[in-house]
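In what follows, a single structure is set out as structure tokens and then discussed.
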Amino acid sequence: MELKKDHLFMEILILITFVQLCLSAKNKLVLRPVGREYQAVVPKLSGGCIFGSLHYNIGDSWNPDIPPFGVMYCVICTCNKVSNSETDGKVACRNKRHRCPATSCARPRVEKGQCCASCPDEFVSLLTTRGVSSTPQNGLARAHFTLVRSSLHISIRYEGSRKPRMASFLDPEGSTIKELNIQRKAINGSQVCLVWNQLNNKQIESLKRGKLSFMLKLKKQNAAALVGDITLYKSYSEETFEALLTSEDKKSSALASFNLARSGKLLKIYVRYNGSHNLGPASQATFKLIKKAGNNKDPRILKIIGAGEVRRENSNFKTSWINPREQTLKWLSRGHLNITVVLNTADQTVQLTGRIGIKRTCNSIVSQLSGRDAPRPTMTGASGYASFDFGSHGQIYYQVFLSGLVNPVEEITLQATNNRRTVKRLSRSVTTDEHGQAKASELWFFSVTGVWERPSFAETCWLFNGNIFINVRTSSNRNGEIYGKLKQFPYMGHHLSYRDPPMLLSGNEVVPRIQTGAAGQAWFSLDKHCALHYHLMISGIDRGRKNLVTAELQGFADYGQVPQPYDEHVQLLKSFEGETVSGSVRSLKPDFLVNMFKGLVYLQVSSEEVPQGELRSQVLVNSAHCIHGSPPLPNNGDFCNAGNKRYYEGESWIDEDDKCISCTCKDGEVNCSNITCQPLNCTEAPILLPLSCCPVCPALEEKVVIYYEKKRRPSVKGCYVKRDRKVYPANAVWHPFVQPFGYMRCHACTCMDKISCIKVTCPELHCKNPIKQRMADCCMRCPDGESERSDNDRKNKKGGKGCNFRGSQFKHGQTWQPYFPLLGVSKCITCSCRDGRTNCRRAPCPRGQCPNSLEGAMRKGCCIPCPGKYRDMFHD
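Residue numbers (mature numbering (1 follows the signal peptide of the UniProt record, and there is no 0)): -24 to -1, 1 to 852.
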């Protein structure tokens, strides 16, 4: 109906204009509508405007009611005074759809009776111990609730010595209407993340009318639990900083929220009080912002906001600080300020104090990157995803994942939505991953991980408010090839977390490739019953007339091959009309599970306009708790002897005497070929690692290391240094930083099972004029613009037709090991090029051994013992 209203808007305005001319003061002709559903035209009053049958005074505004379409909520009409008359008015109407304010949430909806989309309803509860006045506090908590359709997403911040064990919703009589057990997976430091699915209409109505309360029960606690009333708090997710305040006697508490106005010159402060002290009509509050003591210095009061500047609404207090100093905002963003509220109640004076810090919720600030959302829409088939998280001292941790790009990335930037000013450069000239390793498929998939150490107060607020977007510029799209706005997504449950890297769906994964501006992300997880949980986010897809999109799992296919259909075994996930879809698939058949563990199952998204598939991605899941291995390939007894080792049919290995030769066992014979190295474009000079044929790009230590807070160790795989709270991602290669000498570019460190550092070995160069870019460099490199070609390149200049594998060119006879997103180069799969055709095969396993999953192979090897119940299933 909204679309029909837009199409007919101009015609209606023409009709309105004609009617107004007929009903003007100087015209005697009055056109009356026919039909008893229309009201009779009232006589024109002196002055003002008449619209249809209603009279409006000068200055009035309204949404016109135009039968048979009803109220036009996106049209606003105003009665303006005619310039040559003191009393007569003229009606002017305009469409306000394109003037709707921007939203910070990821799923805004147009509610009934509204024109502009708004974010889901949000609620807050301040949890304290209820009971007699002598009862001390067992802790303090803040619960934030986001209602998305019939699901309630719950985010709890808890301060106390005992951990929570159960969350309950209570009706006005105190009876429990819903209980949620808090499992260990739902607790992340001082945060608890929960989801209550499938609320009925009565429960939703009670929640919106403020008739529910929330209870948090604690472990090993016999005293009263923490309880608080649930109240509506619109746009709470946009508040950037907060503080939990307590009184000295632990009997009163408050929640303070802080945000910066759009102008950047007004700091808004909002305090919700919850305590045993009564607030009388004359109760007043005074706010004090205090710099914490440090370095033998006493606390310093930076600002006192008197009672006359604080506005009270029941038990809530509002105020603002005009033009705060930039240094003060910097301290606030770093967690160096406290707030003290001096409350003069009816019976006594209460002082509540708390530390101000970045608001920690279970929401994720993420961005979907697609070509259709770029400043100038593109159709390249590329896709991307970015996520942001916050440290306690103001740092911002970011991850950016890109897939399907066929052109070199020149720059990844954060930009402000209001003026497109560059806020932060996340990366430049990306041709390798953040670990400095070149991909087997150059520029097909890579990730950028880092820390934004010192964002300003305003920039942090922009992230929460949805006023920043990411722009990925490439050599062929300087304005931006893929683009996405940062928004908040609610917590989806421990099975599917937006903080975990997704699988990226792109048009370049479809066979054959689709040049599309759409993009997508998918999360998959297996629970203890081996049910497959999934969550998809799609952006920029053309849905067609029926607004329908379908997603399905299909196979069998190996990496880079066209999928063979399952016929009746295709798993249709769900048809969906929005941008997201969640669900689970239970009772998967063993052959489907096994092929999914082997990486032979793909997710494909289709629409009415592109039924053959517009987005596609390989499905990778952790299979350790369902099957410890996948079935071995058929073994006909053929094997090869090379040196003192036996290799099975189809198995590949690196020659022991020459690390640049790859051999394969085929039909009982050993076939060997030279390994061809891919060209590199490194920011640092390339180096050689032991037992490696091809050079790699090292990174500086500051580009690799991730600093984490106490008790917030990141979930990435890698090498941890507990003393300094550092983590180096797995397979990273970097030049170490040593005080006071700086970067040791003649040494390189790697993170395999542990950190090991070696003296740099320089690769052999085949360009005419190698140079050193810096005096401190150990290795020379080819200058920009001068190509580097190895002996293997020259040997393979003549031969059969080459292959294009996932965006990279390979020569006839060349072999390589494919790169898997987020996992690295697989040593268990070898691909080869033969006359333009790519053939990828897994290394076979001896009898009794099963091929490991792709993820498990990176840690434990290609083959592991078959589990008992599957040992005989896959052998002839």
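All C-beta atoms, glycine included, are put in the ideal place defined by N, C-alpha and C.
Pairwise C-alpha distance: residue j and residue i
i, j, result
"A68", "D41", "15 Å"
"residue 876", "K730", "The chain is shown from -24 up to 852; residue 876 falls before or after that span and cannot be answered."
"C807", "C653", "14 Å"
"P140", "A117", "10 Å"
"F45", "V317", "53 Å"
"residue 854", "P43", "This structure leaves residue 854 out entirely; the chain is present only between -24 and 852."
"V577", "Q825", "22 Å"
"S583", "L564", "25 Å"
"P739", "C733", "18 Å"
"R562", "N177", "28 Å"
"F27", "E214", "40 Å"
"T791", "R699", "43 Å"
"C437", "A269", "26 Å"
"A352", "Q491", "Looking at the sequence provided, one finds Arg at residue 352 rather than Ala. One C-alpha to the other measures close to 15 Å."
"F(-7)", "T54", "Bear in mind that the predicted position of F(-7) carries a pLDDT of just 43, short of 50, making it unreliable; the figure below should be weighed with that in mind. Straight-line Cα distance between these residues: approximately 17 Å."
"V124", "F465", "11 Å"
"S403", "R449", "11 Å"
"D97", "C169", "18 Å"
Continuous alpha helix (DSSP H) stretch holding residue i: start and end
i, result
"Q303", "302 to 309"
"Q179", "177 to 184"
"L569", "566 to 573"
"V736", "V736 -> no alpha helix (DSSP H), and no H or E assigned at all."
Simplified DSSP assignment, three categories, for residue i
i, result
"L202", "strand"
"A434", "helix"
"P841", "strand"
"M142", "strand"
"L188", "coil"
"F440", "helix"
"G65", "strand"
"H723", "strand"
"K679", "helix"
"N292", "strand"
"S808", "strand"
"K161", "helix"
"N815", "strand"
"A495", "strand"
"Y49", "coil"
"G426", "strand"
"G460", "strand"
"A283", "helix"
"Y249", "strand"
Limits of the unbroken beta strand (DSSP E) element including residue i
i, result
"L30", "30 to 32"
"E645", "645 to 650"
"F27", "25 to 27"
"E590", "Where E590 is concerned, there is no enclosing beta strand (DSSP E), given that its DSSP letter is neither H nor E."
"G516", "Note, G516: premise wrong, no beta strand (DSSP E); not H, not E."
"P827", "825 to 827"
"S233", "228 to 236"
"C641", "637 to 642"
"S359", "359 to 366"
Cβ neighbours of residue i in the same chain (closer than 6 Å, five flanking residues each side left out)
i, result
"N815", "S808"
"K66", "N56, V58"
"Q715", "none"
Own chain partners of residue i with C-beta closer than 8 Å, once the 5 adjacent residues on each side are dropped
i, result
"A78", "T393, G442, N443"
"R336", "R133, S166, Q167, F366"
"G330", "A219, L220, L221, T222, A230, A232, N314, I315"
Heavy atom of the ligand COA within 7 Å of residue i beta-carbon
i, result
"N617", "Of ligands this structure carries none, so the ligand COA is not represented either."
Cut-off 7 Å between Cβ atoms - residues of its own chain near residue i, not counting five sequence neighbours on either side
i, result
"G469", "V171"
"L102", "R118, G204, S229, L231, R248, N250"
"C842", "G605, G824, Q825, C826"
"M572", "V595, V597"
Open item on the list: Between the segment 204 to 214 and the segment 158 to 173, can you find at least three pairs of beta-carbon atoms closer than 8 Å?
Closed with: No, the segment 158 to 173 is not in contact with the segment 204 to 214.
- [ ] Answer yes if the segment 384 to 398 comes into contact with the segment 485 to 500, meaning at least three C-beta pairs across the two stretches below 8 Å, and no otherwise.
- [x] By the Cβ rule, the segment 485 to 500 does not count as touching the segment 384 to 398, because fewer than three pairs are nearer than 8 Å.
- [ ] Evaluate the contact criterion for the segment 450 to 466 versus the segment 347 to 361: three or more CB pairs, one atom per stretch, below 8 Å.
- [x] Yes: at least three Cβ pairs fall under 8 Å.
- [ ] Check whether the segment 479 to 492 touches the segment 587 to 595, counting contact only when three or more Cβ pairs, one atom from each stretch, lie closer than 8 Å.
- [x] Contact check between the segment 479 to 492 and the segment 587 to 595: three or more CB pairs, one atom from each, fall below 8 Å, which counts as touching.
TODO: Mind the definition here: the segment 223 to 234 touches the segment 175 to 190 only if three or more C-beta pairs lie below 8 Å; say whether that holds.
DONE: No: the two stretches stay apart, fewer than three of their Cβ pairs being nearer than 8 Å.
- [ ] Report yes or no: do the segment 676 to 686 and the segment 422 to 441 share at least 3 C-beta pairs separated by less than 8 Å?
- [x] Because the criterion of three Cβ pairs below 8 Å is met, the segment 676 to 686 and the segment 422 to 441 touch.
Task: Inter-stretch contact (C-beta, 8 Å, three-pair minimum) for the segment 247 to 256 and the segment 286 to 300 - done: The answer is yes - the segment 286 to 300 touches the segment 247 to 256, with three or more Cβ pairs under 8 Å.
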